[in-house]
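The next block holds one structure in the form of structure tokens; read it before the comments.
Chains as they are written, first to last, in this note's numbering: chain A, 9 to 485; chain B, 9 to 485; chain C, 9 to 485.
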């Protein structure tokens with residue numbers, strides 16, 4: 009008997025074959041209520057600091073979610089009509105949220121077969137109790153229902169955080185962020201564990217717009233002479249310590265490639281001065297910028313050995329591929345596209361310097377699935393410092409998560425991976441995302457059990473480790 | 009109870025698991041009799057113009073099908089013995105068709121597990137009523153049976169076209185083709201819808217043998233000064249309009265890579281003159297040829313915005329990889345080999361110029377499956393002008409079609425894809441190819457339904473869209 | 009009812025779906041007792057020459073198996089503690105084998121989901137009759153049990169060879185090896201068929217440490233002036249003939265890439281002299297070394313046409329990626345990492361020279377699974393001389409073997425592949441490895457049967473061919 013909303017069926021994402029499904033159910037029963045560990049993501053700490061009601065369904069579920077609006081854009085819907093703010097605010101008034109919602113509902117069929125559909129169905133049905141599948145005819149009813157709910161106290165950010173059974177939630181901030189929202193959360197006495205993450209791209213990437221201005225602000229915040237190499241490193245050290253005081257247990261680095269470098273101190277200093285000098289002349293030669301970013305990964309690893317922060321690397325996205333949209337709407341508008349990414353040559357300088365340190369934790373992610381079995385599983389199955397981040401971004405989907413396990417487990421095992429990251433701005437979808445990951449992992453394990461490749465008691469232990477213990481350990485939470 | 013010919017079993021290609029199979033059957037019941045839309049392929053329009061009987065089984069099923077003879081060649085069978093015409097016709101007399109057929113039947117086991125086997129079994133069993141599986145012992149009986157049938161009126165090209173329930177069939181012609189067969193079809197009053205496609209490689213690719221001669225002929229046909237940049241573009245415009253009068257709704261471009269360029273008019277003109285100048289000196293520098301082909305894709309997109317023709321790009325095949333065979337037998341002898349293909353950097357100039365145009369339709373194909381989830385689905389899930397062509401060439405097989413859906417759907421959805429292309433010269437296999445694609449799509453959708461990822465009513469709508477409505481819409485038929 | 013040791017369940021690795029499983033069982037029943045053909049591997053011929061008892065469980069099962077110790081190393085276990093010999097023997101005394109075993113047993117859970125787990129469970133349970141799953145608590149009991157068994161005559165190398173039903177086992181030796189163990193085996197009158205393989209990397213790779221010393225030794229062994237091009241080739245010819253007298257039917261080449269070259273004799277000679285000259289100056293320019301290795305593959309093919317040896321190419325591993333470990337422990341310590349590997353351009357010089365020779369057999373392997381469907385299946389499905397080696401190294405696992413069939417069969421068929429290689433030093437796991445491969449092939453074929461893509465009688469013939477006849481034929485055994 010199908011559930012009226014497929015995404016809420018209790019057996020969703022389990023294989024249809026009855027023996028395997030029964031194993032998957034048993035495994036899942038033991039992990040489904042484990043608290044959510046969300047060690048890497050992009051929610052807004054202001055929500056939890058201010059705990060104000062979310063305003064309306066569209067600005068909650070559509071406008072901030074590039075998975076959603078990129079699909080609509082790909083089918084000819086204008087971003088302006090979805091309420092995406094243009095950089096030229098004078099252009100047109102923002103559309104009415106109800107109009108945006110109707111437009112979205114009319115195109116809901118585009119999401120068939122996508123994880124967005126699974127997540128949204130869960131949010132609509134399970135969080136808001138919207139009954140019918142979303143379509144043009146039911147758009148207004150759903151909109152009104154959600155609006156009513158959002159006005160209730162139980163739908164404020166902190167209440168949802170508690171209802172979602174989140175044990176810890178990491179946000180991501182620039183070193184230039186004053187962490188005021190994190191401070192406010194702590195000052196409020198609310199016990200929800202919201203922690204920050206040190207993401208220094210805008211003071212590390214010489215190609216970031218405003219790089220020199222960022223450095224100036226970096227100097228102000230730290231009192232260091234960041235235009236000297238030692239002062240620059242000292243500023244990082246201080247700021248990392250500051251972030252750690254707001255709960256950070258990790259840093260994060262979003263570079264175009266996985267390139268690393270391992271220069272001696274004098275060469276590194278000379279590189280830094282050359283980068284500054286070119287930056288003052290407005291453009292930094294790409295190969296120089298690449299080398300500097302790569303050197304900084306190695307420097308960050310060195311600092312991590314001291315302060316214990318986990319080092320995350322998210323490489324391989326060609327950001328802002330669509331030049332026109334970049335000019336008109338800025339960043340994060342669904343136009344970041346993955347590229348083929350080398351890890352074996354690229355990570356070697358870093359790994360040769362620090363890869364044998366069992367106390368260091370480097371977590372590497374990829375958007376290039378061809379590297380799972382070819383490069384990343386062999387690397388993570390060897391280097392003590394290296395772990396594999398979960399299927400990322402376009403790949404944190406049922407098929408993507410399954411491919412990750414199928415292509416990494418045989419070489420790296422389960423214990424060189426770190427559980428799931430939701431990595432999302434879409435707060436309301438967090439439980440659905442973790443639930444999808446847990447179900448897919450249980451389905452994978454159930455296949456191993458049904459094919460007599462792993463005893464069920466061990467599979468159960470692995471399921472619990474993947475859902476809860478591995479992320480806690482790997483991220484030192 | 010297995011059907012004596014596996015490929016004709018009513019449940020073929022459906023998953024064995026009973027619940028999923030039952031869903032697949034129900035979905036398939038609704039699509040199996042939908043008319044065939046064949047928007048891209050390589051059948052010979054002469055067949056339908058002249059409507060003469062096909063001569064014999066070997067020249068119908070073996071000689072023109074490089075899937076077939078490449079496999080036999082790989083196992084040491086000589087191309088001469090299969091009736092493949094050498095460029096040196098004086099060499100040896102062509103073999104007897106019956107001898108070719110016997111050789112083929114003796115090696116039929118080589119095709120186990122290949123789509124060729126599925127297609128051929130269908131053609132033998134369903135079109136010709138050949139009963140036993142083909143093997144050496146039954147070769148003569150099958151040969152005779154097919155010969156008898158080919159002599160019957162119901163086995164002439166137009167009768168088969170009607171029996172196959174083909175609503176529209178596109179062939180592919182060079183701008184230098186006089187389209188006489190298309191003209192004859194129209195003049196004949198026969199209502200079968202056979203349309204052409206504008207494939208200008210031989211007047212666009214400076215590395216094509218005879219490039220300058222082709223341009224001279226291009227000038228004759230159009231009355232334009234094709235050795236000037238504006239005249240050259242005007243000739244394309246005229247010829248495209250001429251093709252459109254013979255039903256063309258698309259153009260097609262088979263380039264070594266997906267490289268595109270977006271030069272200004274003066275630069276483009278200078279490039280064209282430099283290409284001509286080097287071509288007159290016999291060899292065009294490869295990087296220049298690459299840039300010119302890339303620029304022409306952007307020019308074609310510009311023309312498409314005016315005349316509405318859909319732009320197809322088929323990149324990434326290393327044509328004529330086997331130099332010896334190329335010298336002895338020419339092109340299309342099974343020696344075209346795919347290479348790793350970049351799309352993210354390669355298509356950027358074109359997409360940055362025209363990718364945001366919702367009225368433009370660019371359909372891109374790949375032979376590099378690693379690009380499905382990494383590059384093409386993310387691109388097609390963003391750019392309004394871009395759609396993904398179906399699994400192509402070596403990959404239009406059960407496993408290949410399944411991988412296409414598994415690796416593109418979650419990011420691009422179903423509606424940024426365009427249904428199936430048979431892309432074949434093997435006319436008799438067209439229904440079998442579409443049937444395989446429909447079955448594989450139904451199997452994929454059935455899995456989504458059985459795993460509660462999509463309600464069955466929506467899956468049914470998707471199945472019909474993939475089989476029929478999407479190709480009609482995408483190719484503007 | 010699960011078997012207490014999952015890996016010994018009679019249905020292990022078969023799909024759970026009952027119809028498919030039943031087909032898989034029937035196919036497997038017909039192949040499971042076929043003799044093992046092991047045409048490529050790295051066992052030590054001394055074992056069979058001396059037939060001495062193996063000393064203890066750790067030096068038998070852990071120390072020589074980099075699959076095992078790399079996983080433990082990746083989780084922070086020190087290689088010294090696993091009994092891996094350091095290059096500085098004075099450093100610390102080797103650990104007690106029992107201590108190594110306990111350390112291994114404590115970490116046995118790391119292997120969940122890996123093929124190592126399947127192989128080891130089989131060795132423990134089936135070869136040694138160790139009953140409980142291995143864990144810390146049972147470590148000592150298992151250690152003692154295995155020690156007892158190793159002292160019995162039935163557990164000596166030759167007895168195990170016979171018990172394992174191995175028809176032929178190939179080892180791999182350098183041209184500089186005196187083959188004394190092979191000679192001793194033959195002199196002993198023992199009928200076990202152990203053959204050698206000609207692996208000339210250390211006299212072919214100018215970047216191999218000690219290259220010039222190897223050449224000097226090569227000269228001594230052959231009496232040829234190996235510092236002249238013709239003498240060097242003559243030395244290969246002589247040494248290949250010598251190896252053939254000890255049963256060799258193949259050569260093997262482990263190069264960083266699949267690069268080949270096809271220079272004329274005078275150019276090749278000049279290249280050789282330049283390589284020697286640079287080698288005398290201590291370092292050979294990388295591109296020169298690459299060209300020379302590539303030229304030597306073509307030379308080896310030329311020699312193979314004369315002496316009939318099969319040419320194996322194992323490209324694409326970045327050997328000794330971990331510089332620190334390389335210095336401290338030498339080669340083969342689990343730090344060889346695959347890279348993206350091009351075959352289409354790389355093999356073209358060789359294939360254009362000799363690819364059309366039906367009498368030549370080139371077997372090519374890959375660590376880059378993205379090349380299966382994109383490059384290798386299309387190449388092997390065309391060139392008469394080329395065959396695909398089985399899933400290799402990190403990929404000779406259930407998922408890896410399955411992907412190999414799913415991604416190569418539709419284009420290359422089964423008959424351009426060559427059955428399974430165990431390619432292992434871990435002698436005791438050989439039956440388990442072949443059994444895994446046979447089961448995975450039967451599971452793949454069973455799916456084809458259950459989905460009506462292949463009749464069961466033909467699937468059965470394929471299963472037997474893959475398990476037994478293809479390796480015999482392909483390796484000319």
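No residue lacks a Cβ here, since even glycine has one placed at the ideal position from N, Cα and C.
Predicted model, so just to flag it, every value in this text is computed and none were measured.
Check: Can you round the beta-carbon distance between residue 320(B) and residue 261(B) to whole angstroms, since I take them to be within the 8 Å contact cut?; Outcome: 7 Å
Check: Report all residues from its chain with a CB closer than 8 Å to the CB of residue 153(B); omit the five preceding and five following residues, and keep chain order.; Outcome: 136, 137, 138
Check: For the putative contact between residue 464(A) and residue 31(A), defined by C-beta atoms under 8 Å, what is the C-beta separation to the nearest angstrom?; Outcome: 6 Å
Check: At 9 Å on the CB atoms, spell out the chain C contacts of residue 326(B), in chain order.; Outcome: 352, 353, 356
Check: Short of 8 Å in beta carbon distance, which residues of its chain neighbour residue 476(B), apart from the five on each side in sequence? Order them along the chain.; Outcome: 39, 42, 43, 45, 427
Check: In the DSSP assignment, find the beta strand (DSSP E) that holds residue 320(C) and state where it starts and stops.; Outcome: 318 to 321
Check: Could you give the uninterrupted runs of the alpha helix (DSSP H) lying entirely in the stretch 212 to 267 of chain B, keeping only those of 4 residues or more?; Outcome: 219 to 230, 237 to 253
Check: Using a beta-carbon distance cut-off of less than 8 Å, what residues from the stretch 262 to 293 of chain B approach chain C?; Outcome: none
Check: Would residue 348(C) count as contacting chain A if we go by Cβ distances under 8 Å?; Outcome: yes
Check: Start and end of the alpha helix (DSSP H) containing residue 388(B)?; Outcome: 385 to 388
Check: Which one of 382(B), 192(B), 132(B), 21(B) has the shortest CA to CA distance from residue 70(B)?; Outcome: 132(B)
Check: Can you check the stretch 31 to 59 of chain A for any beta strand (DSSP E) of at least 3 residues that lies completely inside it and give the ranges in chain order?; Outcome: 44 to 46
Check: Mind checking residue 173(A): buried by the 16 CB within 10 Å criterion, or exposed?; Outcome: exposed
Check: Give a yes or no on whether 8 Å exceeds the smallest Cβ distance from residue 312(A) to chain C.; Outcome: no
Check: Distance check for residue 425(B) and residue 394(B), CA to CA, integer angstroms please.; Outcome: 9 Å
Check: Give the DSSP-derived three-state secondary structure of residue 476(A) in the structure shown.; Outcome: helix
Check: Beta-carbon within less than 7 Å of residue 59(B)'s beta-carbon, same chain only, minus the 5 sequence neighbours each way: which residues are those?; Outcome: 164, 165, 166
Check: Per DSSP, which residues does residue 345(A) bridge with? Please list them.; Outcome: 326(A)
Check: Along chain B, in chain order, which residues have C-beta atoms closer than 7 Å to that of residue 79(A)?; Outcome: 389, 421
Check: Reducing DSSP to helix, strand and coil, say where residue 352(A) ends up.; Outcome: coil
Check: Would you please verify whether the beta carbon of residue 297(C) is less than 8 Å from any beta carbon of chain A?; Outcome: no
Check: If contact means a Cβ-Cβ distance below 8 Å, which residues of the stretch 368 to 393 of chain B contact chain A?; Outcome: 378, 381, 382, 383, 385, 386, 387, 388, 389, 390, 391, 392
Check: Residue 463(A) CB to nearest chain B CB: under 8 Å?; Outcome: no
Check: Going by beta-carbon coordinates alone, are residue 317(A) and residue 364(B) separated by less than 8 Å?; Outcome: no
Check: Can you pull the chain C residues whose beta carbon is under 8 Å from the beta carbon of residue 399(A), in chain order?; Outcome: What residue 399(A) touches in chain C: nothing, since even the nearest Cβ is about 16 Å away.
Check: Grab me the residues of residue 298(A)'s own chain with a C-beta within less than 6 Å of its C-beta, minus the 5 sequence neighbours each way, in chain order.; Outcome: 267
Check: Have a look at residue 438(C) and residue 93(B) and give me their C-alpha separation to the nearest angstrom.; Outcome: 49 Å
Check: Chain E beta carbons: is any one of them nearer than 8 Å to that of residue 437(A)?; Outcome: Looking for chain E here will not work: the only protein chains present are A, B and C.
Check: In chain order, what residues of the same chain lie with their CB nearer than 6 Å to the CB of residue 240(C), ignoring the 5 residues before and after it?; Outcome: 234
Check: How many angstroms separate the CA atom of residue 431(A) from the CA atom of residue 351(A)?; Outcome: 21 Å
Check: Using a cut-off of 7 Å between C-beta atoms, extract the partners of residue 340(A) located in chain B.; Outcome: Neighbours of residue 340(A) on chain B: none; closest Cβ ~12 Å, over 7 Å.
Check: For a contact meaning CB atoms closer than 9 Å, what does residue 119(C) contact in chain A?; Outcome: 421
Check: Can you say whether residue 6(C) is buried or exposed, counting buried as having 16 or more other CB atoms within 10 angstroms of its CB?; Outcome: Residue 6(C) lies beyond the residue range present for chain C, which begins at 9 and ends at 485; the question has no answer from this structure.
Check: Please state the DSSP three-state secondary structure of residue 396(B).; Outcome: strand
Check: I need the straight-line Cα distance from residue 366(C) to residue 18(C), nearest angstrom please.; Outcome: 41 Å
Check: Relative to the alpha-carbon of residue 102(B), which residue among 112(B), 91(B), 109(B) has its alpha-carbon at the smallest distance?; Outcome: 91(B)
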